[in-house]
Amino acid sequence: MKKYLSLCLIFTLTSCAELQDIASQLPQSGYGVTNSEISSGLRQALNLGIDKQVTKLAAENGFFSNELVRIGLPPELQKVDKTLRDVGLGSLADEGLKVLNRAAEDAVQEATPIFVNTVKEITFTDARNILLGDNNAATQYLLNNTESQLYSRFNPIIQNSLDKVGANQIWNNLIKKYNNIPLTTKVNPDLSDYVTQQALDGVYTMIAVEEEQIRLQASARTTALLKRVFALQD
Numbered sequence: 001m002k003k004y005l006s007l008c009l010i011f012t013l014t015s016c017a018e019l020q021d022i023a024s025q026l027p028q029s030g031y032g033v034t035n036s037e038i039s040s041g042l043r044q045a046l047n048l049g050i051d052k053q054v055t056k057l058a059a060e061n062g063f064f065s066n067e068l069v070r071i072g073l074p075p076e077l078q079k080v081d082k083t084l085r086d087v088g089l090g091s092l093a094d095e096g097l098k099v100l101n102r103a104a105e106d107a108v109q110e111a112t113p114i115f116v117n118t119v120k121e122i123t124f125t126d127a128r129n130i131l132l133g134d135n136n137a138a139t140q141y142l143l144n145n146t147e148s149q150l151y152s153r154f155n156p157i158i159q160n161s162l163d164k165v166g167a168n169q170i171w172n173n174l175i176k177k178y179n180n181i182p183l184t185t186k187v188n189p190d191l192s193d194y195v196t197q198q199a200l201d202g203v204y205t206m207i208a209v210e211e212e213q214i215r216l217q218a219s220a221r222t223t224a225l226l227k228r229v230f231a232l233q234d
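Structure representation (structure tokens):
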């Protein structure tokens with residue numbers, strides 16, 4: 001009797017294992033959407049966002065005319081900007097800021113191929129986690145997987161742009177004098193690094209805006225695949 005029960009138990013366990021194996025190969029996303037479709041839909045959403053938002057930022061005034069990402073002076077030096085405007089030199093202040101924003105615009109066009117390659121490498125597991133994650137989960141995925149590459153591509157371009165107009169030298173002299181003033185909060189003397197960091201923040205900010213629209217607004221899902229896939233997280 002014991003031998004019979006043991007054989008039954010072995011058979012049952014074996015059958016369960018086989019059933020589990022079969023089940024793991026079936027679509028598990030629900031609503032008739034396969035894992036492959038989820039991955040494709042998420043890649044499509046990211047590529048649309050990248051194409052739309054990165055293209056905008058790379059255009060002239062892409063940063064300067066966008067209040068969400070416009071690069072200004074560090075907080076410690078914003079009083080310089082305010083003083084110029086208070087005495088009627090707002091146009092001069094704008095020209096100074098445009099130099100910083102133009103440098104970012106020059107660099108941003110380098111982002112697209114890096115983003116596209118990263119999107120291609122998204123796995124089924126990544127896609128499901130992103131889809132069912134926070135409203136900025138896709139943006140965070142891109143940030144975690146592209147930030148160091150983008151910095152390396154952006155920084156020399158930004159440095160070159162700033163060098164052309166002598167901004168780096170002027171900035172370094174100004175900041176060195178400022179940092180030598182007693183009791184002041186020290187400011188990063190590397191203008192290229194500052195603008196690079198701001199440019200990166202701007203890129204991810206705008207991709208997050210696009211991602212949130214697709215997640216929260218059905219009208220932003222412009223293809224049948226996007227509608228089917230993002231219905232899962234509604």
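Residue numbers (full-length UniProt numbering): 1 to 234. Just so you know, even glycine gets a beta-carbon here, dropped at the ideal spot from N, CA and C. Remember, it's a predicted structure, so these values are computed and weren't measured experimentally.
Starting from residue i, trace the alpha helix (DSSP H) in both directions and tell me its first and last residue.
i, result
"residue 113", "111–120"
"residue 216", "191–216"
"residue 133", "Careful: residue 133 lies outside any alpha helix (DSSP H) and carries neither H nor E."
"residue 49", "35–58"
"residue 164", "137–164"
"residue 89", "Looking at the DSSP string, residue 89 is not in any alpha helix (DSSP H), and its letter there is neither H nor E."
"residue 240", "The requested residue 240 is not part of the displayed model; the chain covers only 1 to 234."
"residue 229", "224–230"
"residue 170", "167–179"
Candidates the options: which alpha carbon is nearest residue i's?
i, options, result
"residue 128", "222, 35, 168", "35"
"residue 255", "55, 224, 174, 208", "As displayed, the chain neither begins before 1 nor continues past 234, which places residue 255 out of reach and without an answer."
"residue 99", "62, 113, 185", "62"
"residue 170", "94, 153, 191, 179", "191"
"residue 234", "119, 222, 215, 151", "215"
"residue 57", "219, 212, 203", "203"
"residue 64", "152, 165, 103", "103"
"residue 195", "135, 154, 136", "154"
"residue 116", "186, 106, 146", "146"
"residue 208", "136, 80, 46, 183", "136"
"residue 172", "183, 182, 187", "187"
"residue 168", "144, 193, 180", "193"
"residue 95", "81, 213, 106", "81"
"residue 119", "142, 92, 101, 218", "142"
"residue 242", "78, 79, 139", "Residue 242 lies beyond the range of the chain shown here (1 to 234); nothing can be said about it."
"residue 60", "106, 33, 45, 85", "106"
"residue 45", "211, 218, 177", "211"
"residue 189", "183, 182, 177", "177"
"residue 51", "223, 217, 206, 219", "206"
- Between the segment 59–74 and the segment 122–142, do at least 3 Cβ pairs fall closer than 8 Å? no
- Query: Should the segment 194–203 be called in touch with the segment 103–117, which here means at least 3 C-beta pairs below 8 Å?
  - Reply: yes
- Message: Within 8 Å, do at least three Cβ pairs link the segment 36–45 to the segment 128–140?
- Response: A contact is defined here as three or more CB-CB pairs under 8 Å, and the segment 128–140 meets this definition with respect to the segment 36–45.
- Task: For the segment 157–169 and the segment 216–234, state whether three or more C-beta atom pairs, one from each stretch, are separated by less than 8 Å.
- Result: Under the 8 Å Cβ criterion, the segment 157–169 does not count as touching the segment 216–234, having fewer than three qualifying pairs.
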